[in-house]
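In this text, residue positions in the sequence shown follow the numbering used here: the first is 47, and each later residue adds one.
Down below is the structure, laid out as structure tokens.
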Amino acid sequence: MAELGTFSHRRAAKLVRLVMCGVLGVLTPPEVSPASAASAGSEAIPAGPGAGGAGQEELSLAAALAEARQQGPAFAALRRDEEMAALAERRQAAAGLPRVTFSASAGLGSLATAMPSMPSTSLSLTAPDFEPHLAAGLRLDWTLPGDWQLQASAGVESSGPRSSGALSVGIGRQWPSPAKEVEGGETEAARRERRNQAVLEVVEAWYAARSTEAEWAVRRELLAVAEWEYQAAWKRRDDGGGSLRELLAAEDALRQAQESERSAFARHLAAWQRLETLLGRPPGRLRPARWLDDLDWPAVEAAVRAELGVNAFPGEVVATASLLPGDLAERLLARSSSGLQVMEALEEAERGVAAARAARGWRVGASASYGLDLQEGRVPVATWQTGITLAHPIHDPALALDEEAARLRLEEARRAVAGKREELVQQVVDSWQRVQNAFRAIEDARLAVERSTTTRDVALARYEAGLVAWNDRRRAEIALIQAVNRRQAAEGEYRLALLRLADALGLDVGTVVGWEPGRELGQGSGWEPGRESGSE
Numbered sequence: 047m048a049e050l051g052t053f054s055h056r057r058a059a060k061l062v063r064l065v066m067c068g069v070l071g072v073l074t075p076p077e078v079s080p081a082s083a084a085s086a087g088s089e090a091i092p093a094g095p096g097a098g099g100a101g102q103e104e105l106s107l108a109a110a111l112a113e114a115r116q117q118g119p120a121f122a123a124l125r126r127d128e129e130m131a132a133l134a135e136r137r138q139a140a141a142g143l144p145r146v147t148f149s150a151s152a153g154l155g156s157l158a159t160a161m162p163s164m165p166s167t168s169l170s171l172t173a174p175d176f177e178p179h180l181a182a183g184l185r186l187d188w189t190l191p192g193d194w195q196l197q198a199s200a201g202v203e204s205s206g207p208r209s210s211g212a213l214s215v216g217i218g219r220q221w222p223s224p225a226k227e228v229e230g231g232e233t234e235a236a237r238r239e240r241r242n243q244a245v246l247e248v249v250e251a252w253y254a255a256r257s258t259e260a261e262w263a264v265r266r267e268l269l270a271v272a273e274w275e276y277q278a279a280w281k282r283r284d285d286g287g288g289s290l291r292e293l294l295a296a297e298d299a300l301r302q303a304q305e306s307e308r309s310a311f312a313r314h315l316a317a318w319q320r321l322e323t324l325l326g327r328p329p330g331r332l333r334p335a336r337w338l339d340d341l342d343w344p345a346v347e348a349a350v351r352a353e354l355g356v357n358a359f360p361g362e363v364v365a366t367a368s369l370l371p372g373d374l375a376e377r378l379l380a381r382s383s384s385g386l387q388v389m390e391a392l393e394e395a396e397r398g399v400a401a402a403r404a405a406r407g408w409r410v411g412a413s414a415s416y417g418l419d420l421q422e423g424r425v426p427v428a429t430w431q432t433g434i435t436l437a438h439p440i441h442d443p444a445l446a447l448d449e450e451a452a453r454l455r456l457e458e459a460r461r462a463v464a465g466k467r468e469e470l471v472q473q474v475v476d477s478w479q480r481v482q483n484a485f486r487a488i489e490d491a492r493l494a495v496e497r498s499t500t501t502r503d504v505a506l507a508r509y510e511a512g513l514v515a516w517n518d519r520r521r522a523e524i525a526l527i528q529a530v531n532r533r534q535a536a537e538g539e540y541r542l543a544l545l546r547l548a549d550a551l552g553l554d555v556g557t558v559v560g561w562e563p564g565r566e567l568g569q570g571s572g573w574e575p576g577r578e579s580g581s582e
């Protein structure tokens, strides 16, 4: 591009100054010297997240989980659900206990009526007589083991001068047993899955807040470099050694750096607010934190490795279903709420087939009873009775259709179980592959840190030799910080994927990370992904 003429050049420079003062407001042509720039560039690299400092809050991952468990909304809802489940279990247990009912009644009755008419010119009536009527009784209903039904009742009745009483006891059973409503067995599995989800949300939010704070710190450093470059370009322009194109390019770079810093701040603010919500904290001001990842990751990795039945984890070979233990699918069905639901549907379908077949066969009933009738002025009368009943349908075309429909429902339930088994196994395989991908991302991030370290050392040497300016050295230093942050984020993604794999395996994530009553959460070990724990 040809150099502008003197007149147009001065007009353009004036226009740039007006734009800077009117739009940016705070930017004016600074007085920057190479000496001050060199002194500004001699600062140490700013401490990244986790380095601590004045006004910082120490927020470890174990402490965040403990705080969320104590006052977080998700865990509060879980506690309420567990209390309701405990009450339901007590209610179900009480249903098998004897049920005793007491009833009583009292009243008055009239026994007198009008006297018969006599040959007289007037009608003679007698005043009615009233007498009390009292009744009371007890009734016992009890479902005994083996579907035996026990019923007993005792009662007394008094009406005027007469009184009577009765006592009866009966027991009976019917074969085949009548169909009963079966309680779902997936309650505990569903509660465990909700606990796992609550733990994973807190861990994910903790890592997100840490990563966004690190990114915001980098963007602030890049903004400082862009401001220095813009001021330097303006200074060179005033000294007559720079072009308008260079100044406008520095201005565009400064605007982009400002927008990037604002966006990074907004992301970090949203991540911090989400973390505060999950921890049950009231909304507060944003403040820097000293992050400490202190969960017992070796225990998590060991538990997952033992469940998968592998020695090398995450392994070099791509995870497939053929690498999993043969009995893992059945264990997954037993641990998953959805797996327990399809298993319960299968059992219900099997009971439906058995009931449909039994409806076309003989039905047998047995019963026995004893009674005692007590009346005033009479000898007590005892009665007893035993009996067996037999029944068999002779002609009912609908019964055959019911059996065929029950058989079709059984086949559908078996297909649902097989499909759920494959689905749960595939979820484990997918989670395992994500762990492997995250592990490889850590290796790539470590290699990037090594390369950025070399680049930073070269830039520092060139700067000390006077071959490059401060901003070139500073950008190399910031690139190294970014590489370290990406490695830290990759390690967080690996650990989060590890917890998701434990969840897919049906493990209790809180227990796996050391979440036990009376035990401090987190061990503060210096674990690294892929490093074997224990004596292995």
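We put the CB at the ideal spot given by N, CA and C, even for glycine.
Using DSSP's beta-bridge definition, name the partner residues of R145. D187
Is E267 near the ligand FAD, going by C-beta to nearest heavy atom under 8 angstroms?
For the ligand FAD, the structure offers nothing, since it holds no ligand at all.
- So what's D609 in DSSP terms, helix, strand or just coil? Nothing can be reported for residue 609, as the shown portion of the chain is limited to 47 through 582.
Task: Spatial distance of A108 from A316 (CA atoms) - done: 22 angstroms
message = Using a Cβ-Cβ distance cut-off of 9 angstroms, determine whether G556 contacts chain B.
response = Reference to chain B is not applicable here, since this structure consists of a single protein chain.
Exercise for the section: Out of V271, E390, A484 and D503, point me to the one whose CA is closest to E539's CA. Expected result: A484
| said: Helix, strand or coil, according to DSSP, for I440 in the structure here? | reply: coil
Nearest-angstrom beta carbon gap, L445 and P439 [assumed within contact, 8 angstroms] = 6 angstroms
Checklist entry - Just how far apart, CA to CA, sit L324 and E103? => result 17 angstroms
Q) DSSP three-state call for T435: helix, strand or coil? A) strand
With DSSP collapsed to three states, give me the class of E203.
strand
Per-residue burial, R406 [other beta carbons within 10 Å of its own, 16 or more giving buried]: exposed
| message | Could you tell me the alpha carbon to alpha carbon distance between E376 and Q387, rounded to whole angstroms? | response | 14 angstroms
message = I'd like the list of long-range same chain contacts for V495, defined as Cβ closer than 7 angstroms, with 5 residues on each side in sequence excluded.
response = A529, V530 and R533
According to the Cβ coordinates, are A437 and R461 closer than 9 angstroms? no
Endpoints, the beta strand (DSSP E) within which S106 is located: E103 to S106
Quiz prompt | Environment of R424 [buried if 16+ CB atoms lie within 10 Å] | solution = exposed
message: Tell me the DSSP secondary structure of W408 in three-state form.
response: coil
Got a sec, what are the start and stop residues for the beta strand (DSSP E) A511 sits in? A511 -> no beta strand (DSSP E), and no H or E assigned at all.
#### Entry: Alpha-carbon to alpha-carbon, L268 and R56
Caution applies to R56, whose pLDDT of 40 falls short of 50 and renders its modelled position unreliable; the value that the coordinates give is listed next. Their backbone Cα atoms lie some 30 angstroms apart in a straight line.
From A412 to Q197, what distance separates their C-alpha atoms? 14 angstroms
> Under three-state DSSP, which class holds G538?
Replying inline: helix
Discussion item. Give me the DSSP bridge partner(s) of D419.
Written reply: A212 and V427
L321 and A254 - do their beta-carbons sit closer together than 9 angstroms? yes
Determine the extent of the beta strand (DSSP E) in which L338 is found, giving its start and end residues. A335 to L338
N- and C-terminal bounds of the alpha helix (DSSP H) containing P119: P119 to A140
Pull up the CB-CB distance for R541 and S477, whole angstroms please, since I reckon it's below 8 angstroms. The pair is not a contact, with the Cβ atoms about 13 angstroms apart (cut-off 8 angstroms).
Backbone secondary structure at P178 - three-state DSSP: strand
Practice item. State the Cα-Cα distance for the pair L15 and E450, rounded to the nearest angstrom. Key: This structure gives no information on residue 15, because the portion of the chain shown stretches from 47 to 582.
Checklist entry - Using the C-alpha atoms, what's the distance from Y509 back to W516? => result 7 angstroms
Query raised in the report: In chain order, what residues of the same chain have a beta carbon less than 6 angstroms from the beta carbon of W430, not counting five sequence neighbours either side?
Result: Y416
task = Please determine, among Y276, R455, R313 and Q302, the residue with the shortest C-alpha to C-alpha distance to E292.
result = Y276
### Task
Could you tell me the distance, in whole angstroms, from the CA atom of R266 to the CA atom of E234?
48 angstroms
If you drop the 5 nearest sequence neighbours on each side, which residues of the same chain put their C-beta closer than 6 angstroms to that of E434?
According to the sequence provided, residue 434 is Ile. The question's Glu does not apply to it. Result list for I434: A412, in chain order.
Worksheet item: With which residues is A198 paired in a DSSP beta bridge?
Response: L186 and V215
With 16 other CB atoms within 10 Å as the buried threshold, where does S151 fall? exposed
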